[in-house]
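Going down the list, the protein sequences come from chains A and B. Quick note on my numbering: the first sequence kicks off at -19 and runs consecutively. Quick note on my numbering: the second sequence kicks off at 67 and runs consecutively. First up is the structure itself, then whatever we jot down about it.
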Amino acid sequence: MNAASPTQALLLATILFATGLLGVLARRNLLLMLMSIEIMLNAAALAFIAAGARWHAAQGQVMFLMILSLAAAEAAVGLAIILRLHAAGRPTLDADTGNRLKG
Amino acid sequence: MDALLLPLIVFCPLLAAGILFVSTGRMPARPSCVIGAGSVGLSALLAGRLAAGFLAAPPPTGALHVTLWSWMQVEGFSTRIAFALDPLSLVMMLVVTGVGFLILLYAGGYMHDDPDIARFFGCMTLFVAAMLVLVFSSDLLSLYIGWEGVGICSYLLIGFWHTDAANVAAARKAFIVTRIGDAAMLCGLLLLATQAGTLDIAALLHIVATGPAQLLPTTAAFLLLGGAVAKSAQVPLQTWLPDAMAGPTPVSALIHAATMVTAGVYLIARLHPLFMAVPAAMTAVALVGLVTLLLAAGSALVQTDIKRILAYSTMSQIGYMFLALGSGAWQAAIFHLVTHAFFKALLFMAAGAIILRVHHRQDIYQMGGLAPAMPGVFAAFLAGAAALAGLPLLTAGFYSKEMILQGAWHANPLLWAGALLGAFATAIYIFRCVFIVFFGTRHTEPKGHTGATMAIPLACLAILALAGGWMEMPDTIAPVHLLSHLLSPLFGTPMAEGPSWLLWAGSLVPLTGVGVAWLLWRPRTQARTTPEDAIARLARTGWGFDTLYDMLFVRPFITLGRLNQSDICDRLSDATAATARTGGRMLSHMQSGQVRRYAGWIAAGTVVALCLGIRA
């Protein structure tokens, strides 16, 4: 199997990132926005991997592991916020109503 | 000893001014008069002592120098507060303290029931101190202190009765008009300071005499002339003097007749080598004098207010002094300055005595026939009028005016002819005033009597106005040249006298003028009414200078002010504020609280930043 060239990998990362960004901007559903952010994080991680492969350096993979854990933490916090909102009596996932947050 | 006396002469009135200002409103009238007149009297005594010492044993250098302290010392320029007593400042000192004391004594009687008398005497003594600083200074910068000091005192005293808006307006006018000249003078001083590196008069005149090319004597002379013209109420900055009569009469006598208005003459005489180095400036001085003396004499002919007659006459007489200066007859100018101080102060004080007696009326047509009711005042006024007209032999004004006429003849016979015409008009207008005020039917019954504090100064000045001229006589009459000899170290020997028919002309013209005045305004003639034709109206308003300046300067300035009332300048800063506010309001819409928008902005910003980064 041919190893993907760094250019191709970066192109893929860009497409992934754009998809994620579009998701964040276009979707109103909080859960889907969280998922889009995960996609963006993964795009960044892919860019690190590609760079690590290009220069034969281990740091790229280290950064991937780091981003993986970061993504897990982010998902946990995000989901916790959603649950918290739900508990506070706002049974909706619409992000645009968030600006009426009080207290 | 003398070195101590000189500053003490200035210090006495200054201290009195301090005491009077501090205690104003708390000190009764009598102590105020005593402090005010007494301090100047003390100065006069000290001045007399100093003058006697000076004349008996003149200092070897010709002047007594007293350096008080060094004012400032920077690279390339230093100036000291220093006084010098030379023959010129000696004469001025005696006039300022002597005549000043008599006027302050008179003022004690004139103002005795004024509630603000302490303030009055405070300003008057401060004025005397400032005038003495002006006269004594051997450095132009400290002379300028005195110059501005007399200006501010003049302003304060013209507007002394400040509850009347007209008085305040007159004071403001006097201050602003003289300020125009003062600004010119300051420019001249700065020019001299930068070009010559010193403002010490002796050093400056030495530099002018040795004549390095980089000095700009022409510009400096004309700028200083501007200051002198404004201070001495000469054309074209003469408009303030008639209005300055709004002040109390002793103020008019002291400031606007005897001393301050002659400061311009003193300045030019003091710096005469500078002016002699610039023939154009000399011509300008002579022409300014001639034009002023003729215009002012014409105005004085048709005035109806006794004080305004005297004000225009003052302008006219100072015109004579300028004419003498411009002709190079320095001694004549100083001589006329001295005699004018005597007789004009006398005329003003006699006029003040009349005004008090006739219920504060100043219109001569409302007086009439006052001679039997107040013979003493009549005699004093007549003495002053005779001296002003220059009636031959008997009066001081004759000798000084004669000397000026001689000087003008030497400079240019045309100047002489103009001055002679002015002398003719002078005799007419002042005797018109005499005949209308003291003869004919009485329109106002005088009340009270003139007290001793007012009568004594009148008597002293009347004697001086008649006999004061005997210190200097033409050779044809008697070879007495006391003043010329005194001043000759400064001004050199006076010019030789012209043909003797000049003397005859100078004697006969005033007599003719008196005769004409008698024909026109003797009791029970038709002309004893207010003249009302167009020329008379124009002359009465000072030949329309006020209207002209009103149109040229005052109105445009007021219009500009009115335009700027809505603050065009402020619009600029207002616009900055409005832009910031609008911008802020627009940007605040971004703070919608919607996370997705924020994310969008972040993304857009990142894209823009990346694009810029790539382009760079």
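Ideal placement from N, C-alpha and C gives every residue a C-beta, glycine not left out. Quantities reported herein were computed from a predicted structural model and do not represent experimental measurements.
Using a Cβ-Cβ cut-off of 9 angstroms, V674(B) is close to nothing in chain A; its nearest Cβ partner there is about 15 angstroms away. With a contact defined as Cβ atoms closer than 8 angstroms, L552(B) and P153(B) qualify at about 5 angstroms.
Residue contact check for V57(A) against chain B: no CB pair falls below 8 angstroms.
Exclusion of the five residues before and after L(-10)(A) leaves A27 and A30 as the residues of its chain whose Cβ lies within less than 8 angstroms of its Cβ. Under a criterion of Cβ atoms nearer than 9 angstroms, no residue of chain A is adjacent to G671(B); the nearest Cβ is some 13 angstroms distant. For A521(B) and A477(B), the gap between their C-alpha atoms comes out near 42 angstroms. Counting of Cβ neighbours within 10 angstroms places G254(B) among the buried residues, the total reaching 16 or more. In this structure, DSSP gives V157(B) a helical state, which the three-state scheme calls helix. Around the beta-carbon of K410(B), 16 or more other beta-carbon atoms lie within 10 Å, marking it buried.
N233(B) sits buried, since 16 or more C-beta atoms from the chains shown fall within 10 Å of its C-beta.
The beta carbons of L257(B) and A231(B) sit no closer together than 8 angstroms. Taking a beta-carbon distance threshold of 8 angstroms, G666(B) counts as an interface residue toward chain A. When Cβ-Cβ separations below 8 angstroms define contact, L(-4)(A) makes no contact with chain B.
Across the set G102(B), V88(B) and F497(B), the C-alpha of F497(B) shows the shortest separation from the C-alpha of L457(B). About 16 angstroms separates the Cβ atoms of I334(B) and V357(B), ruling out a contact at the 8 angstroms cut-off. Beta bridge pairing from DSSP links L151(B) with L130(B). Using a Cβ-Cβ cut-off of 8 angstroms, Q631(B) does not count as an interface residue toward chain A, since no Cβ of chain A sits closer than that to its own. At a Cβ-Cβ threshold of 8 angstroms, A474(B) and A485(B) count as neighbours. Under the 8 angstroms criterion on CB atoms, A75(A) is classed as interfacial with respect to chain B. Under the 8 angstroms Cβ criterion, the segment 72 to 92 of chain B counts as touching the segment 125 to 134 of chain B, having at least three qualifying pairs. Here the C-alpha atom of L151(B) lies approximately 29 angstroms from the C-alpha atom of F186(B).
Under the DSSP assignment, Q41(A) falls in the alpha helix (DSSP H) whose first and last residues are Q39 to A67. Residue contact check for R662(B) against chain A: a CB pair falls below 8 angstroms. Note on Y332(B): 16 or more other CB atoms within 10 angstroms of its CB, so buried under the neighbour-count rule. By the C-beta density criterion, F619(B) is exposed, having fewer than 16 other C-beta atoms within 10 angstroms. Under a criterion of Cβ atoms nearer than 8 angstroms, no residue of chain B is adjacent to V42(A); the nearest Cβ is some 25 angstroms distant.
Restricting attention to S365(B), C526(B), P589(B) and A312(B), the CA atom closest to the CA of A437(B) is found in P589(B). T559(B) sits in coil when the DSSP states are folded into three classes, being neither helix nor strand. For Q631(B), the three-state secondary structure derived from DSSP is helix.
By the criterion of at least three beta-carbon pairs nearer than 8 angstroms, the segment 92 to 102 of chain B is not in contact with the segment 198 to 207 of chain B. Counted as a single uninterrupted DSSP element, the alpha helix (DSSP H) harbouring H402(B) occupies residues W396 to R423. When DSSP states are grouped into helix, strand and coil, D205(B) belongs to the strand group.
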